[in-house]
Structures are given as C-alpha cells and as structure tokens.
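**Q** Chains A and B supply the protein sequences, listed in that same order.
So in numbering that gives the first Met the number 0, the last spot in the first sequence is 293, and the numbers never skip.
So in numbering that gives the first Met the number 0, the last spot in the second sequence is 322, and the numbers never skip.
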Amino acid sequence: MDKPKIRKGMLSSIIPGLSSLSQRGLAGWLVVLGLIIVASIVTMTAISPWVAPYNPSTINVGPPLMSPNSQFLFGTNDLGQDVFSRVLSGGGIMLEVSILSVIICLLIGVPLGLFSSYAGGLVDRFFCLIMDSIYAFPGLVLAIAIAAMLGRGVTNMALSIAVVYVPSYFRVIRSQVLSIKEMPYVEAANAAGAKGRTVLSRYIFPNVVPSIVVVATVNFADAILTAAGLTFIGLGVSADIPDWGWDLTNGRRLLSSGTWWVITYPGLMIILLALGFTLMGEGLSEMANPRLRE
Amino acid sequence: MSRPLLAVSDLTVEYWARRGKVRAVEDISFSIGKSETLGVVGESGCGKSTLGLSLMRLVPYPGRIVKGEIQLKGRDVLGFSANEMRNLRGKDISYVFQDPMTSLNPVKKVGAHFVELIRAHEPRVSEKDAVVRTRKLLKDVGIQSERIGDYPHQLSGGMRQRVMIALAIALNPSLVIADEPTTALDVIVQAKILDLLNALRDAYGMALVLITHDLSIVLERSNKIIVMYAGHMVEYARSEDIYRNPQHPYTQGLLKAIPNVELDEQTLNAIAGSPPDLLNLPKGCRFWPRCYCAKEKCREEEPPLANTEPDHYVRCGKYKEVE
Numbered sequence: 000m001d002k003p004k005i006r007k008g009m010l011s012s013i014i015p016g017l018s019s020l021s022q023r024g025l026a027g028w029l030v031v032l033g034l035i036i037v038a039s040i041v042t043m044t045a046i047s048p049w050v051a052p053y054n055p056s057t058i059n060v061g062p063p064l065m066s067p068n069s070q071f072l073f074g075t076n077d078l079g080q081d082v083f084s085r086v087l088s089g090g091g092i093m094l095e096v097s098i099l100s101v102i103i104c105l106l107i108g109v110p111l112g113l114f115s116s117y118a119g120g121l122v123d124r125f126f127c128l129i130m131d132s133i134y135a136f137p138g139l140v141l142a143i144a145i146a147a148m149l150g151r152g153v154t155n156m157a158l159s160i161a162v163v164y165v166p167s168y169f170r171v172i173r174s175q176v177l178s179i180k181e182m183p184y185v186e187a188a189n190a191a192g193a194k195g196r197t198v199l200s201r202y203i204f205p206n207v208v209p210s211i212v213v214v215a216t217v218n219f220a221d222a223i224l225t226a227a228g229l230t231f232i233g234l235g236v237s238a239d240i241p242d243w244g245w246d247l248t249n250g251r252r253l254l255s256s257g258t259w260w261v262i263t264y265p266g267l268m269i270i271l272l273a274l275g276f277t278l279m280g281e282g283l284s285e286m287a288n289p290r291l292r293e
Numbered sequence: 000m001s002r003p004l005l006a007v008s009d010l011t012v013e014y015w016a017r018r019g020k021v022r023a024v025e026d027i028s029f030s031i032g033k034s035e036t037l038g039v040v041g042e043s044g045c046g047k048s049t050l051g052l053s054l055m056r057l058v059p060y061p062g063r064i065v066k067g068e069i070q071l072k073g074r075d076v077l078g079f080s081a082n083e084m085r086n087l088r089g090k091d092i093s094y095v096f097q098d099p100m101t102s103l104n105p106v107k108k109v110g111a112h113f114v115e116l117i118r119a120h121e122p123r124v125s126e127k128d129a130v131v132r133t134r135k136l137l138k139d140v141g142i143q144s145e146r147i148g149d150y151p152h153q154l155s156g157g158m159r160q161r162v163m164i165a166l167a168i169a170l171n172p173s174l175v176i177a178d179e180p181t182t183a184l185d186v187i188v189q190a191k192i193l194d195l196l197n198a199l200r201d202a203y204g205m206a207l208v209l210i211t212h213d214l215s216i217v218l219e220r221s222n223k224i225i226v227m228y229a230g231h232m233v234e235y236a237r238s239e240d241i242y243r244n245p246q247h248p249y250t251q252g253l254l255k256a257i258p259n260v261e262l263d264e265q266t267l268n269a270i271a272g273s274p275p276d277l278l279n280l281p282k283g284c285r286f287w288p289r290c291y292c293a294k295e296k297c298r299e300e301e302p303p304l305a306n307t308e309p310d311h312y313v314r315c316g317k318y319k320e321v322e
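1. Note down the Cα distance separating A/Ile5 from A/Asn206, rounded to an integer number of angstroms.
2. DSSP state of B/Glu219, grouped into three classes?
3. Say whether chain A places a C-beta atom closer than 9 Å to the C-beta of B/Arg63.
4. Do you know whose CA, among A/Gly74, A/Ile58 and A/Asn59, lies nearest A/Met65's CA?
5. Could you tell me the distance, in whole angstroms, from the CA atom of A/Ser39 to the CA atom of A/Gly257?
6. Taking C-alpha atoms, which residue in B/His231, B/Asp213 and B/Arg298 lies nearest to B/Glu13?
7. Is it buried or exposed, A/Arg292, if we count other Cβ atoms within 10 angstroms and call 16 or more buried?
8. Please name the residues in the segment 139-162 of chain B whose beta-carbon is closer than 8 Å to at least one beta-carbon of chain A, in chain order.
9. Do the CB positions of B/Ala177 and B/Leu207 come within less than 9 Å of each other?
10. If you count every other CB in all the chains shown that lies within 10 Å of the CB of B/Ala269, and 16 or more means buried, which is it?
11. Specify whether the segment 66-75 of chain B and the segment 271-283 of chain A touch according to this definition: at least 3 beta carbon pairs, one from each stretch, less than 8 Å apart.
12. Taking the alpha-carbon of B/Asp213 as reference, which of B/Cys315, B/Val186 and B/Leu174 has the nearest alpha-carbon?
13. Does the Cβ of A/Phe125 have 16 or more other Cβ atoms within 10 Å, making it buried, or fewer, making it exposed?
14. Find the residues of chain A that neighbour B/Thr49, judging by a C-beta separation of less than 8 Å, and give them in chain order.
15. Relative to the C-alpha of B/Gly110, which candidate in B/Glu121, B/Glu234 and B/Gln143 has its C-alpha closest?
16. Looking only at C-alpha atoms, which of A/Ala193, A/Gly192 and A/Ile172 sits nearest to A/Phe204?
17. Within the continuous alpha helix (DSSP H) that includes B/Lys294, where are the two ends?
18. How is the alpha helix (DSSP H) around B/His212 delimited, first residue to last?
19. I'd like to know if B/Val76 contacts chain A, where contact means its C-beta is closer than 9 Å to some C-beta of that chain.
20. Here's a check: name, in chain order, each residue in its chain whose Cβ is nearer than 6 Å to the Cβ of B/Cys290, leaving out the five neighbours to either side.
21. Where A/Gly228 and A/Gly244 are concerned, what is the direct C-alpha to C-alpha distance, given to the nearest angstrom?
22. Quick one, which of A/Gly266, A/Gly91, A/Val96 and A/Leu177 has its alpha-carbon nearest A/Gly120's?
23. With a threshold of 9 Å between beta carbons, is A/Val208 in contact with chain B?
24. Can you tell me whether B/Ile192 is buried or exposed, with buried defined as 16 or more other CB within 10 angstroms of its CB?
25. Along chain B, in chain order, which residues have C-beta atoms closer than 7 Å to that of A/Lys194?
26. Against chain D, which members of the segment 175-206 of chain A pass a CB distance test of less than 8 Å?
27. Starting from B/Ser30, trace the beta strand (DSSP E) in both directions and tell me its first and last residue.
28. Are the C-beta of B/Phe96 and some C-beta of chain A separated by less than 9 Å?
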C-alpha cells in the first residue's frame, strides 16, 4: 500500500483523522462537508451574543417589517426585531433539543437493543412488539401527540422526539447483535469461560459501535426537523427565546403580505443544519458498510 | 493404569429439530490420559464438532446432552453448575476453533484478548504480569512478542491460529480441544500448526483432542483415534492399530483414500456415496449403503460395538466380541 498522503491544510491540522477521511473518496468528503456545516452553525450560535448587532429578543430595535437593507441585513419582523440577530442566535434551542434527544435515544435504545437481542426468545419478542408498535406511528404525529401531553420546554421536546426515534436504534442494534452473536469470536469467548455480561460488553457492544454512530447522525437531522415542526405548531419554547422554529410560524403569517425575509432565513438555516447532519450520516454509513478493515 | 484425565461414557447428544430429533452423537465412550492426543476423524456432519463442544457443554441450541457421563479428573462435568462450568472453560478445558479469521474479536488488540482471559480466571494477577505472560505465550507459539499490540486483521491466518492456540494454552489447561484447527490454512502452515500443537502438548503436559476430517494428519500425531460415522463411533483404537489393522470397512476406505505419492495411480480411491441424513437413517448398520461387504444381516440389525482386540473397538457386523 502507498504511504498515506498527509494534506497540509489547516482543517486537517485542526481535525485529527481528517486526512484519512478524505482518502475514503466521496464518502469521506461528505463527512467532512457535513462536519464543516455543523461545526460552523454550532460556533455561530455559541458566539452569537457577542457578534449579533442587536439583542435578538428586544422588540422595536427598528421599524417593523423593513426589507433587508444595510442596517438590518435580513430585515426586521412585525415586532421590529432584527431577523439577522435572530438567525445568528436562533439555533440554540434546536441544537439543545436534538442533542438531548439523541442522548436519551442512546441511553434507552442501545442497552435495550443489546439486551433484547442477546437474550432472545420471549424477552426479544416482547420488546420487538413494543418497538414495532411505536414504529408503526407516523413519527411527527406521535411526537406532536406526546409533546402536547407533556407541555412546552426543551426537555419535553427532547423526550417526545426520543420516543419516536428509540425504535430505529433498537432495530439497527438488534439486527447487528443477531449476526454478531453468532460470530466465532463470541463462541470463542464462551469457550474461554466468559460471562454473558462480559460477552455483551466487551465482544458484542464494541462491534456495533460503528452502526450506532451512523444511526445517531441520521437521527440528529431528523430530530432537528421534528423540533422545528414542534415549535412551528406552537409546542416548542416560549416566544421570547429566539428560535428558528418560532420564526417560521411567525413568518408564515406574514408571507402572504409579501414579507418573505422573516421566514426565508431561519428556514434556510434549519435546512442547512439538517443537511449537515444528513451528509455526515450518509458519509459515515457508506464508510462503515463495506467494513474497510483490511 | 491410573485414572484417566478425561473419561467419557455413553455420551449422547440430540438436536431437537423441527422435523424430529437428530442424534448427532450417540453412545460414545472413550478416555484420554495426561499428555495424550486423541484424534477424532469423520466426514462433515458426522458429529465430530458436536462431540468436541459437548465436552465443554457448549452444544448450541437446540442441541442437548441427553445421556452419558463426562468425568474430568474424576469430577462429573455434567453435574456442574453454570458458574462452575464457566470456571472450567478456558481454565481446565479450552477450545481452538476451526476458523482463525473470525475467532478473534476484530476490535480488540491481540494482547487484550490474553489479558482479559488471564484476569477473568485469575483476578489477582496484575495487568503487568498478564502482559509478561502474554509475551511469553506468544513466543511459545512462534509469534514475535512485539505483535502484542496488533489488531487481529494485521495478522495472517496462520498467525491468528497461533494466537488462538496461545489463548487456548494461556491458563495451562489439562485438555485442549482443537476442532479442525488447520482447515482454513494451507498445507505447509497446517503441518507447522499441528507440530506446534504436539510440541506444546509435551511442553505443557496437557491432553489434546484433535478433531479433523483428514485421517492422514492424525495417524502419526495421535495416540488413539476415534473414527465417527453418522453420529456413531465406528472404530476406536490406538493409531498404530488403525493404520496396520483397520477393521471397519469405513476406516479401511478412509485409509485407502489417502493419496500415496509413491504409487503410480492416477485416480484417488474415494468411498462412493455420501453420509446418510441423520433424520432418515438406513435400517440396520448406518454404513451398509456404502459398504463393499454389506450382507443381508447388515441391512436388518444395527451391529453392537465389539471389543475385538485389547483397546480396539469396532462397530461392524463382521466382528464378534472377544472375551
């Protein structure tokens, strides 16, 4: 094999392993592109309090419904808030919700999938039945129903999204474990006198980690869109916190009167963030699938 | 003679399949002494691997041991609890699997397999001591100890099988079961691995069960040989006796099938036909449809296992029990 070429770009010095990613061809570049998009949005949201020209929650910083101009780059909304400042800082809630929901999904879906699949038999049937019945619902409808029951707030949004996506973790992990637990190295571990717990944690779990990573990245993108949907129908957070989802709701009302800028910019941001995560997920799954081990 | 290391009597293993019960191993009795090698020979599907796995009580579901006794150093293995069984596996009996390519955990370094195994069975050993022992074990099986930090995919097939063997002997077990340890390897590596196993057997004073479909490789390396056919032990004798005086027609066929480079023969002497379906066994002797000397009697009644000479057992209608 050739020696790996080391790219002397700035990015590869910042992100370790980037040079190996770019050698995986298109898939590697997709991951890198997704990573750049996500990282810049996260950074933008994090530094927004210092760089935003106006306080995103303050009303009447300018005349209402001004079209984009040099003073208000993206214009103002009907409350006279600066849309540019709101776009800069509005990703916080969405990121919080998606991160939290992915963590909840990981904490519930992964152990459940591992355990159920490894135990097999009736236990497995039981959990599969529950997961499949959740899976049978349309995701957004179920999330809306749960969010309506739980009420507003970041945690409640994350919970309702997590309920919808736990089955996808469960299913992927379950099917992976089904094949891995028949591998000779698992049999060899049993023959060496390993406990069931050891087999599960040291032999099976590390081998499903690549799939978990892929599911989680795809889940991130879905969670963002669902979070936007929840806020859009008013099940998100209260209006004084800048949020792209809320701006969408607000902007939809104004769109008919020709003020396109209130809805367009936050909408683009949501699409961009979801795109970033999707690219990462697609690239990672492409890289993980052929099992490029040798 | 002193008590054998492992004594198995009337061992019977059944798989409860949907279409009925399959007796993969039926009424098998044998014994192995310390530092002995027992060869188990037979075609695919004759119950060799099931026999090996049943010695560790690892027969995969839906199989179960329905009858028999396994005595290891005088202890009744079949009466062990799940916990005692776990302690026994790896420590007293260990297993070398057929496929070295997938028998190591792909996400763990070679050394980690050893450290985990050693510390699982001997919790008081420190990690450092375990590493020291690992290096010695790797050296014993002919692998540079620097490879301790390699991942399994960085090793060749033969090296991986050496690692598997090193893992099998890591806790100094009294019995190692090697289930077709060389099937996935080429002939030269095969000979090296088998010689290594025998050398380690002598060095560590352990007994070895060598399961294979190739009679030629166990003939010169084992003390005793079991020839299996369709779940039955058709012949069980010292390997010299198997070689000089094979009594069962199946064993004779296997011996004839070994290619001889010194003869000018152009064809190989194969045994015609294939082993019977265990769900649909022929009446009488299980081998008669392929037997060159089958008589009417063979189609009617199943022959018993006859003791024809000292330490020589045959299951064939031609032979009578010698008192």
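We treat Cβ as the ideally placed atom computed from N, Cα and C, and that holds for glycine.
**A** According to the structure shown:
1. Along the first sequence, read from residue 1 onward, the residue named residue 5 of chain A stands at position 6. Along the first sequence, read from residue 1 onward, the residue named residue 206 of chain A stands at position 207. In this predicted model, A/Ile5 has a pLDDT of only 42, less than 50, meaning its place in the structure is not dependable enough to derive any value.
2. Translated into positions along the second sequence, residue 219 of chain B becomes position 220. It is coil, neither helix nor strand.
3. Counting from 1 along the second sequence, the entry for residue 63 of chain B is found at position 64. Not closer than 9 Å to any Cβ of chain A, the Cβ of B/Arg63 fails to qualify, so no.
4. The residue labelled residue 65 of chain A in the question sits at position 66 within the first sequence. The candidate whose alpha carbon is nearest that of A/Met65 is A/Gly74.
5. As a first step, residue 39 of chain A is located in the first sequence; it is residue number 40 there, counting from the start. As a first step, residue 257 of chain A is located in the first sequence; it is residue number 258 there, counting from the start. Between A/Ser39 and A/Gly257, the C-alpha separation is close to 31 Å.
6. Locating residue 13 of chain B in the second sequence gives position 14, counting from the first residue. Taking only the C-alpha atoms, the option nearest B/Glu13 is B/His231.
7. Your numbering for residue 292 of chain A matches position 293 in the first sequence. Residue placement at A/Arg292 cannot be trusted, given a pLDDT of 35 that sits under 50; what the coordinates show is reported in the next sentence. When all chains shown are included, A/Arg292 counts as exposed.
8. His152
9. For this step, residue 177 of chain B is matched to residue 178 along the second sequence. For this step, residue 207 of chain B is matched to residue 208 along the second sequence. Cβ distance < 9 Å, so B/Ala177 and B/Leu207 count as in contact.
10. Against the second sequence, residue 269 of chain B aligns to sequence position 270. Exposed, by the Cβ-count rule.
11. no
12. The count along the second sequence starts at 1 and reaches residue 213 of chain B at position 214. Of the candidates B/Cys315, B/Val186 and B/Leu174, the one whose C-alpha sits nearest the C-alpha of B/Asp213 is B/Val186.
13. Along the first sequence, one-based indexing puts residue 125 of chain A at 126. It counts as exposed.
14. To locate residue 49 of chain B, count along the second sequence from 1; it is residue 50. In chain order: nothing, as chain A lies at least about 13 Å away.
15. Looking up residue 110 of chain B in the second sequence gives position 111. With distances taken between Cα atoms, B/Gly110 lies closest to B/Gln143.
16. Along the first sequence, one-based indexing puts residue 204 of chain A at 205. Of the candidates A/Ala193, A/Gly192 and A/Ile172, the one whose C-alpha sits nearest the C-alpha of A/Phe204 is A/Ile172.
17. Looking up residue 294 of chain B in the second sequence gives position 295. Where B/Lys294 is concerned, there is no enclosing alpha helix (DSSP H), given that its DSSP letter is neither H nor E.
18. Here the question's residue 212 of chain B lines up with position 213 in the second sequence. B/His212 -> no alpha helix (DSSP H), and no H or E assigned at all.
19. Taking the second sequence and counting its residues from 1, the one referred to as residue 76 of chain B is at position 77. No, B/Val76 lies away from the interface with chain A (no Cβ there is under 9 Å from its Cβ).
20. The residue you call residue 290 of chain B lines up with position 291 of the second sequence. Same-chain partners within the cutoff: Pro248.
21. Here the question's residue 228 of chain A lines up with position 229 in the first sequence. Here the question's residue 244 of chain A lines up with position 245 in the first sequence. The straight-line gap from Cα to Cα measures roughly 7 Å.
22. As a working note, residue 120 of chain A is residue 121 in the first sequence. Closest by alpha carbon: A/Leu177.
23. By 1-based counting over the first sequence, the position of residue 208 of chain A is 209. Answer yes: the Cβ-Cβ gap between A/Val208 and chain B drops below 9 Å somewhere.
24. For the purposes of this step, residue 192 of chain B is taken as the residue at position 193 of the second sequence. Buried is the call here.
25. Taking the first sequence and counting its residues from 1, the one referred to as residue 194 of chain A is at position 195. Chain B residues near A/Lys194: Arg85.
26. No chain D appears in this structure, whose protein chains are A and B.
27. If you number the second sequence from 1, residue 30 of chain B lands on position 31. Note, B/Ser30: beta strand (DSSP E), Gly19 to Ile31.
28. Locating residue 96 of chain B in the second sequence gives position 97, counting from the first residue. Answer yes: the Cβ-Cβ gap between B/Phe96 and chain A drops below 9 Å somewhere.
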